[in-house]
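Data first, discussion second: the structure below is written as structure tokens.
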Amino acid sequence: MTQPDFTDTQPEGREAPFEIDVMLLLEGTYPYVSGGVSSWVHQIVSGFPHLRFHLVFLGSREEDYGKPRYQMPPNVVGLTHHYLFSDAVLPAAREERGDAATAELVENLHTLIRDGQDAASRAEVLRASLEAMQDKLDLHYFLHSHQSWGYLTAQYQLRCTDPSFVDYFWTVRTMHTPIWTLATLARELPRARIYHTVSTGYAGYLGAVLARLYNKPLVLSEHGIYTKERRIDLFSANWISDNTPVLERTAGEAGYFRQLWIRLFESLGRMCYDAADPVIALYETNRLRQIADGANPITTCCIANGINVPPFAATRALRPASPPLVMCLIGRVVPIKDIKTFIRAVRVASNRLPGLEGWIAGPEDEHPEYARECRDLAESLQLGNTLKFLGFQKLTELMPKIGLVVLSSISEALPLVMLEGYAGGVPSVTTDVGSCRQLIYGLGAEDEALGASGAVVGIADAQALGEACAELLGDTARWQAASAAGIARVERYYTQPMMFDNYRAVYDDALQRSAARDAGLSDEVGAVATWLRGEPPLDEPPLAVDAAAPQTALHTEREPAAVAEPPQDGGSPLGGQRGRSPNVGAT
Numbered sequence: 001m002t003q004p005d006f007t008d009t010q011p012e013g014r015e016a017p018f019e020i021d022v023m024l025l026l027e028g029t030y031p032y033v034s035g036g037v038s039s040w041v042h043q044i045v046s047g048f049p050h051l052r053f054h055l056v057f058l059g060s061r062e063e064d065y066g067k068p069r070y071q072m073p074p075n076v077v078g079l080t081h082h083y084l085f086s087d088a089v090l091p092a093a094r095e096e097r098g099d100a101a102t103a104e105l106v107e108n109l110h111t112l113i114r115d116g117q118d119a120a121s122r123a124e125v126l127r128a129s130l131e132a133m134q135d136k137l138d139l140h141y142f143l144h145s146h147q148s149w150g151y152l153t154a155q156y157q158l159r160c161t162d163p164s165f166v167d168y169f170w171t172v173r174t175m176h177t178p179i180w181t182l183a184t185l186a187r188e189l190p191r192a193r194i195y196h197t198v199s200t201g202y203a204g205y206l207g208a209v210l211a212r213l214y215n216k217p218l219v220l221s222e223h224g225i226y227t228k229e230r231r232i233d234l235f236s237a238n239w240i241s242d243n244t245p246v247l248e249r250t251a252g253e254a255g256y257f258r259q260l261w262i263r264l265f266e267s268l269g270r271m272c273y274d275a276a277d278p279v280i281a282l283y284e285t286n287r288l289r290q291i292a293d294g295a296n297p298i299t300t301c302c303i304a305n306g307i308n309v310p311p312f313a314a315t316r317a318l319r320p321a322s323p324p325l326v327m328c329l330i331g332r333v334v335p336i337k338d339i340k341t342f343i344r345a346v347r348v349a350s351n352r353l354p355g356l357e358g359w360i361a362g363p364e365d366e367h368p369e370y371a372r373e374c375r376d377l378a379e380s381l382q383l384g385n386t387l388k389f390l391g392f393q394k395l396t397e398l399m400p401k402i403g404l405v406v407l408s409s410i411s412e413a414l415p416l417v418m419l420e421g422y423a424g425g426v427p428s429v430t431t432d433v434g435s436c437r438q439l440i441y442g443l444g445a446e447d448e449a450l451g452a453s454g455a456v457v458g459i460a461d462a463q464a465l466g467e468a469c470a471e472l473l474g475d476t477a478r479w480q481a482a483s484a485a486g487i488a489r490v491e492r493y494y495t496q497p498m499m500f501d502n503y504r505a506v507y508d509d510a511l512q513r514s515a516a517r518d519a520g521l522s523d524e525v526g527a528v529a530t531w532l533r534g535e536p537p538l539d540e541p542p543l544a545v546d547a548a549a550p551q552t553a554l555h556t557e558r559e560p561a562a563v564a565e566p567p568q569d570g571g572s573p574l575g576g577q578r579g580r581s582p583n584v585g586a587t
């Protein structure tokens, strides 16, 4: 298969020269931004060389990104770029009156959005809006028509609690323009057999549109909960105006424009959840959050990240007899990683354990202003050579040189870097976010019996983080026990083959459902997710449970393959119908 030319930023024509098996929808990540999600995308594409992938990269503006950070595998047969906030996507301004029928449609759609709390209502909004966008309710109408202006000003007077109409106007314009451009993009993209988005948000909305337009399966893999992470970003964003006087605000209340952005992403998230099957989380807490945010429980399941253990296992032999006195944060220098708490923790730890160093291994170009603030903080704390900014590092070379992988993040999902550290024999100290507690202390009796592979402290508690690092690095016997627990945990529950087995089931099921829909057959909602949860197939009654028998906590979100036989002849072990999807032939 010839590697395609990825220099063209324009969408390919709809008639692709080859069939696309999976179209991956990527918002602000692979191949231009390094990090855990991008590493996972590269894993998935490389791990299924028999499938043809087309990537859709959604970014902010072209100038915000540099060269690709990854060499894409040869089974990537196309890459489409779309910049959500580029002026190039905007139509030329011209005066337009609009018509009464379109104005009425706009009013009806907004009423349905505000009042419709069920999936059927949201599906109708999506259907009607896509149809209207192809007709008179186009982007030009939204941006330039007299009727659009009239509706906008009326809504400002009726609903806005912020005194600035200028900020309201530009906020609404900026938020909604991508809705039109993505709907247009969906019709320009080559068709695929299935669509796979790695987040909700704008990428999830594009996935819902594609699934609706072409009646194809949509797979959603959420690493973090998008709406939660955007909420964190929006609360700290300084580009959002908040003009309400301080004395008129309720304590802890977000300004009107922040709330407007949050409601948008919540709405887009629900549309994606409605369209996707399965809806995949990395661990159980996030699966429950997806359900709380509107996902149908029957479509939800968990597939944990897995890593390629052998390359990191080989680094264990390179490690000195005593653990290196180095606490290392591996990650992007961005606010959500709370690098400043790590820097303060290095000051605490080095005071307690002479000779200890703190290393920050990750790029600083994503948020240059924050990176400068971090360097200024290190200088103000007089850390000197005790703290080092290393930039991007090759992890297999870094692991033998460090004693701890440290995460000071305010939000994480299931961090790959912790698993990579475990495979190299390096324990972790983390904040209590995402699945970190599960990764360090275990999930269920069998996992917990392996022991603690590090320590967990509270968010933004630099004192506790520094003390925990100093205590673990200063106690060789405890460090060795944590190292052994980490090795055992990653090799038992978090290997790359286990993850690939589960995604093979997801892809096989979706591809077979795609073919079944082409043949005019319907499919059963939630079949593969039910199997991945380790539950009986939807058409079979649950097995009777002997109340007297001992019960054990299963890692069902991590190793569903343990409850079914391996695939036969390349098929997927799906419930009682091995070798083919339970959806094929369903009516």
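Here the sequence shown stands for residues 1 to 587, where the numbers follow UniProt numbering. Yeah, the Cβ is synthetic: ideal placement off N, Cα and C, and Gly gets one too. Just so you know, these numbers come straight off a predicted model, no measurement behind them.
- The continuous beta strand (DSSP E) containing Arg193 extends over residues Ala192 to Thr197.
- Taking 4 residues as the minimum length, the alpha helix (DSSP H) runs contained wholly in the segment 117-157 are 119-133 and 139-144, in order along the chain.
- The DSSP-derived three-state label of His367 is coil.
- Restricted to the segment 13-60, the alpha helix (DSSP H) segments that are unbroken, complete and at least 4 residues in length are 36-47, listed in chain order.
- The residue from Gly150, Gly98, Pro163 and Leu152 with its alpha-carbon nearest to that of Leu137 is Gly98.
- DSSP, reduced to helix, strand and coil, places Gly204 within a helical segment of the structure shown.
- By the Cβ rule, the segment 305-325 counts as touching the segment 411-420, because three or more pairs are nearer than 8 Å.
- By the neighbour-count criterion, in which a residue is buried when 16 or more other Cβ atoms sit within 10 angstroms of its Cβ, Asn215 is exposed.
- Taking all protein chains in view, the Cβ of Arg270 is crowded by 16 or more other Cβ atoms within 10 Å, so the residue is classified as buried.
- Sequence-distant partners of Leu264 (beyond 5 residues in either direction) whose C-beta falls short of 7 Å from its own C-beta, in its chain, are Met175.
- Residues Met418 of the same chain have their beta carbon placed closer than 6 Å to that of Leu439, with the five preceding and five following residues left out of the count.
- By DSSP's assignment, Ile410 forms no beta bridge with any residue.
- With a 10 Å radius around the Cβ and a threshold of 16 neighbouring Cβ atoms, Pro323 comes out buried.
- Leu395: member of the alpha helix (DSSP H) spanning Leu395 to Leu398, first to last residue.
- Between Gly331 and Gly362 the beta-carbon gap is near 5 Å, inside 8 Å, which marks them as a contact.
- A contact is defined here as three or more CB-CB pairs under 8 Å, and the segment 494-503 fails this definition with respect to the segment 379-393.
- Taken in chain order, the complete alpha helix (DSSP H) segments of 4 residues or longer contained in the segment 486-526 are 496-518.
- Judged by beta-carbon spacing, Tyr507 lies beyond the 8 Å limit of Val125, meaning their Cβ atoms are not closer than that value.
- Residue environment analysis places Val309 among the buried positions, since at least 16 neighbouring C-beta atoms fall within 10 angstroms of its C-beta.
- The residue among Gln147, Tyr256, Phe53 and Gly454 with its C-alpha nearest the C-alpha of Gly486 is Gly454.
- Proximity to Pro427 across Val326, Ile336 and Ile410 peaks at Val326, based on C-alpha coordinates.
- Listed in chain order, the non-local C-beta contacts of Lys388 below 6 Å within the same chain comprise Trp359, local neighbours out to five positions each way being set aside.
- When the beta-carbon positions are compared, Ala275 and Val219 stay at least 8 Å from each other.
- In chain order, His144 place their CB closer than 7 Å to the CB of Ala93, counting only its own chain and leaving out the 5 sequence neighbours on each side.
- When the five nearest sequence neighbours on each side are left out, the beta carbons in the same chain lying within less than 8 Å of the beta carbon of Pro278 are those of Val219, Leu220, Thr299, Thr300, Cys301, Val506, Gly526, Val528, Ala529 and Leu532, in order along the chain.
- In the structure shown, Tyr83 falls within a strand segment according to DSSP collapsed to helix, strand and coil.
- With the rule of 3 Cβ pairs closer than 8 Å, the segment 147-162 does not count as touching the segment 472-480.
- CA-CA distance, Gly66 to Glu366, rounds to 10 Å.
- Around the beta carbon of Asp509, 16 or more other beta carbons lie within 10 angstroms, which makes this residue buried.
- Shown here, Ile343 sits in a helix according to DSSP, grouped into three states.
- DSSP places Leu268 in the helix class (H, G or I) of the three-state scheme.
- Only residues of its own chain outside the window of five on either side were considered, and among them His144 and Ser145 have a CB closer than 6 Å to the CB of Glu96, listed in chain order.
- Here Gly78 carries a strand assignment [DSSP, helix/strand/coil].
- Counting only residues of its own chain and dropping the five nearest sequence neighbours on each side, Gly355 has a CB closer than 6 Å to the CB of Leu325.
- Within the model, the alpha-carbon separation for Arg372 versus Pro335 is close to 12 Å.
- When DSSP reads this structure, Thr430 sits in a beta bridge with Leu407 and Val456.
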